[in-house]
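**Q** Take this structure, written in structure tokens, and hold onto it; I'll ask about it next.
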């Protein structure tokens, strides 16, 4: 059931309008700009804690979320900024959260790894590798029970497919035919461990066989290929045909987190993958197919730059959380005691 | 008024709420036709159907994770684990996900979910099916912890647990499933953080939970023969904890003994003792005393298991040493 796709190489997707392609370019650019700035701001000391960047993987969140409706759900990971932006998260509130400010998505209580926006169906980034799988199944069960017609896209990395939760979740979603689309972002590394060392298979999608669901391999740096595969999987999910496992082959441009020099990555491998950077690929596609002119692309780029500058300014100028707020939000109705 | 066993009262409370709100569903291992390992959900499949009383694969992580995802998206799930011991398999989903999500997300999500956990020793089920893991969970901010000792309390507290907008842990002692008492099935839900004084007395305060409430009541009858009148307080919810009722009683008796079925080392009984020492020390005329299980895994052989579990005799002996 596994097959490859490569749409930037010439495949045709029937329902793909110019507007959609431009929207996907814009989202990818927004993620790239956000992450590039997050990297700089972390290095400068403005962002505390851990930051796991999505640079290099932008095509996946973008291609998948373009197929979703606003009321659909996603679960995300520790490397979640891209998913949240692609699902409509506001970069101002995201950046403020990264800064630990009161105006952030989580009032400064979650940080980079825990951004959520229930109003947009974003059930949260997650600091525990593999923890989103079962939450996605719960959302799928809820959707099926309520007959609401929504779907849940569950994003996770190759490393998490060695967690028991991956198997529990795929099994449960399969037996109950839940509207969940499992999207494996295979960036070749579980932290520092190359895939060839952490599992004895090359294609995570092969594991779909064990759950009697479709397993698809796509070029994860090709946003159109991701979009096409996700369109089919989301349609299956909405039609009550159950889950699909989509494996997107991609590459993490940076280390596991900022500050990791990634000395474990061979330079030839890095060079080979940088040549497949998803941003230049979609840009060239847009220009070569006269979807936009160079000037139009530059205008979008400028708008995105300005948006992220506004977000950074918002984060910088926002107040820090009050110390009293520490005991709020543990429960809906109990405020814990202050020491 | 009605007389029911605790097993029946738990079933009735779930059924009552499920009749009122179709977004309440029950799932867990063999809760459907099998009726649950102890028979708590027997018959519920017939009334509510397989969509609402749902058998799951043996995947404790997925059972709790599924409750989290369902609660986050508009449902009110009740998840049953067959034994509280199996929580270790699903601990991440409860501790790192359910308990922390609301806080991590800045208060912007509610998780109205109940996790029902049969706990306790006494049926020769040995070390992996008999534990009392109160301390594992009372330690975790974000969870409410309920532990009833009577059928009526179980009924009223479960009504409240299902209505609550936070993750609630509902401990059910296996040996109490068969205990029956009389209560008003039209009662209002029992508020959390309100202890119940199961016996009034002036000589000594005994704080007891779950099955230990009944051991303490038995001990009190024995102690009364010697003129020692024990006041027995059942907190009913471990968090929130009704400290005031406990302190007020100690103000009267000047003595306190805490009895739980936990391994004594690192127990929640220790936390209660520490609170009393910090906040009610002046009421005491002697050391706080704890009676707990031995610091061993729960043994299998009935003779060893009975020796392991705190008994009314242990309580009587400990109280007499306080005078």
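Chains as they are written, first to last, in my numbering: chain A, 22 to 360; chain B, 1283 to 1605. Note that the Cβ used here is the ideal one computed from N, Cα and C, for glycine as well. None of the values given here were measured: they were computed from a predicted structure.
Count the other C-beta atoms from every protein chain shown that fall within 10 angstroms of the C-beta of residue 166 (chain A), then say buried if there are 16 or more, exposed otherwise.
**A** Residue 166 (chain A) comes out buried.
**Q** Are residue 290 (chain A) and residue 224 (chain A) touching if we call contact CB-CB under 8 Å?
**A** Cβ distance not < 8 Å, so residue 290 (chain A) and residue 224 (chain A) don't count as in contact.
**Q** Would a check of beta-carbon distances place residue 192 (chain A) closer than 8 Å to chain B?
**A** By this cut-off, residue 192 (chain A) is an interface position.
**Q** Please go through the same chain and pick out, in chain order, the residues whose beta-carbon is closer than 7 Å to the beta-carbon of residue 1445 (chain B), but skip the five residues on each side of it.
**A** Counting only Cβ-Cβ distances below 7 Å, and skipping sequence neighbours, we find 1471.
**Q** Of the residues B:1565, B:1447 and B:1378, which one's Cα is nearest the Cα of residue 1360 (chain B)?
**A** The shortest C-alpha separation from residue 1360 (chain B) is found at B:1447.
**Q** Checking the sheet assignment: what are the DSSP bridge partners for residue 1575 (chain B)?
**A** Residue 1575 (chain B) pairs with B:1545.
**Q** Look up residue 234 (chain A) in the DSSP assignment and say whether it is helix, strand or coil.
**A** The answer is coil: DSSP assigns residue 234 (chain A) none of H, G, I, E or B.
**Q** Excluding the 5 residues preceding and the 5 following residue 1508 (chain B) in the sequence, name in chain order all residues of the same chain whose CB lies nearer than 8 Å to its CB.
**A** Counting only Cβ-Cβ distances below 8 Å, and skipping sequence neighbours, we find 1602.
**Q** Of all the alpha helix (DSSP H) runs that stay within the bounds of the stretch 1481 to 1528 of chain B, which reach a length of 4 or more residues?
**A** Within the stretch 1481 to 1528 of chain B, the complete alpha helix (DSSP H) runs of at least 4 residues are 1493 to 1506.
**Q** For residue 1474 (chain B) and residue 1442 (chain B), which I take to be in contact (beta-carbon distance under 8 Å), what is that distance rounded to the nearest angstrom?
**A** With 8 Å as the limit, residue 1474 (chain B) and residue 1442 (chain B) qualify as a contact, their Cβ atoms being about 6 Å apart.
**Q** Pull up the distance between the alpha-carbon of residue 1514 (chain B) and that of residue 231 (chain A), whole angstroms please.
**A** Going from the Cα of residue 1514 (chain B) to the Cα of residue 231 (chain A) covers about 55 Å.
**Q** How many Å lie between residue 278 (chain A) and residue 329 (chain A) at the Cα?
**A** Taking the straight line from one Cα to the other gives about 21 Å.
**Q** Quick one: give me the first and last residue of the alpha helix (DSSP H) that residue 41 (chain A) is part of.
**A** Taken as a continuous stretch (DSSP letters only), the alpha helix (DSSP H) holding residue 41 (chain A) covers 39 to 65.
**Q** Nearest CA to the CA of residue 47 (chain A): which residue from A:176, A:83 and A:62?
**A** Answer by Cα proximity: A:83.
**Q** Using a Cβ-Cβ cut-off of 8 Å, state whether residue 1471 (chain B) counts as contacting chain A.
**A** Cβ-Cβ to chain A under 8 Å: no for residue 1471 (chain B).
**Q** Taking all protein chains shown into account, decide if residue 1594 (chain B) is buried (16 or more other Cβ within 10 angstroms of its Cβ) or exposed.
**A** Its Cβ being crowded by 16 or more others within 10 Å, residue 1594 (chain B) is buried.
**Q** Exposed or buried, which one is residue 93 (chain A) when buried takes at least 16 other CB atoms within 10 Å?
**A** Buried.
**Q** Given a limit of 7 Å on CB to CB distance, which residues of the stretch 132 to 158 of chain A reach chain B?
**A** Residues passing the 7 Å Cβ filter: 135, 137, 139, 144, 145, 149, 152, 155, 156, 157 and 158.
**Q** When burial is assigned at 16 or more other CB atoms within 10 Å of the CB, is residue 1410 (chain B) buried or exposed?
**A** Exposed: under 16 other Cβ atoms inside 10 Å.
**Q** So, for residue 1633 (chain B): in the same chain, excluding its five sequence neighbours on each side, which residues have a beta-carbon less than 7 Å away from its beta-carbon?
**A** Because chain B is modelled from 1283 through 1605, residue 1633 (chain B) falls outside the range shown and cannot be assessed.
**Q** Residue 1390 (chain B) touches chain A at which residues, Cβ-Cβ below 9 Å?
**A** Correct list: 126, 127, 128, 137, 138, 139, 140 and 350.
**Q** How is residue 316 (chain A) classed by DSSP in three states: helix, strand or coil?
**A** Three-state result, residue 316 (chain A): helix.
**Q** Let me check understanding here. Comparing Cα to Cα, which of A:354, A:338, A:357 and A:355 lies closest to residue 125 (chain A)?
**A** Residue A:338 is the option with its Cα nearest to residue 125 (chain A).
**Q** Please confirm if the stretch 1421 to 1432 of chain B is in contact with the stretch 1513 to 1527 of chain B, defined as three or more CB-CB distances below 8 Å between the two stretches.
**A** Contact holds: three or more Cβ-Cβ distances are below 8 Å.
**Q** Got a sec: which bits of the stretch 1345 to 1356 of chain B sit with their beta carbon under 7 Å from any beta carbon on chain A, in order along the chain?
**A** Under the 7 Å Cβ criterion, the stretch 1345 to 1356 of chain B contributes 1347, 1348, 1349, 1350, 1351, 1352, 1354, 1355 and 1356.
**Q** Taking residue 208 (chain A) and residue 178 (chain A) to be in contact with their CB atoms under 8 Å, please state how far apart those CB atoms are, rounded to whole angstroms.
**A** Contact holds; Cβ gap of about 6 Å.
**Q** Name, going along the chain, the residues of the stretch 1297 to 1317 of chain B whose beta-carbon falls closer than 7 Å to a beta-carbon of chain A.
**A** Residues passing the 7 Å Cβ filter: 1307.
**Q** Tell me which residues share the same chain as residue 1352 (chain B) and place their Cβ nearer than 6 Å to its Cβ, disregarding the 5 neighbours each side in the sequence.
**A** Around residue 1352 (chain B): 1359.
**Q** Kindly indicate which residue of B:1533, B:1347 and B:1311 has the alpha-carbon position closest to the one of residue 1332 (chain B).
**A** The residue with the shortest Cα to Cα distance from residue 1332 (chain B) is B:1311.
**Q** Distance, Cα to Cα, residue 1466 (chain B) vs residue 260 (chain A)?
**A** If you take the alpha carbons of residue 1466 (chain B) and residue 260 (chain A), they lie about 47 Å apart.
**Q** Can you tell me whether residue 1427 (chain B) is helix, strand or coil according to DSSP?
**A** Three-state DSSP puts residue 1427 (chain B) in a strand.
**Q** Using DSSP's beta-bridge definition, name the partner residues of residue 1462 (chain B).
**A** BP columns for residue 1462 (chain B) point to B:1287.
**Q** Taking DSSP as the reference, what is the three-state secondary structure of residue 199 (chain A)?
**A** Residue 199 (chain A): coil per DSSP, three-state reduction.
**Q** Measure from the alpha carbon of residue 137 (chain A) to the alpha carbon of each residue in B:1374, B:1421, B:1390 and B:1396, then state which is nearest.
**A** Nearest C-alpha to residue 137 (chain A): B:1390.
**Q** Residue 189 (chain A) versus chain B: which residues are under 7 Å apart at the beta carbon?
**A** Per Cβ cutoff of 7 Å: 1341, 1343 and 1344.
**Q** State yes or no: is the C-beta of residue 163 (chain A) within less than 8 Å of the C-beta of residue 263 (chain A)?
**A** Not in contact: residue 163 (chain A) and residue 263 (chain A) (Cβ atoms no closer than 8 Å).
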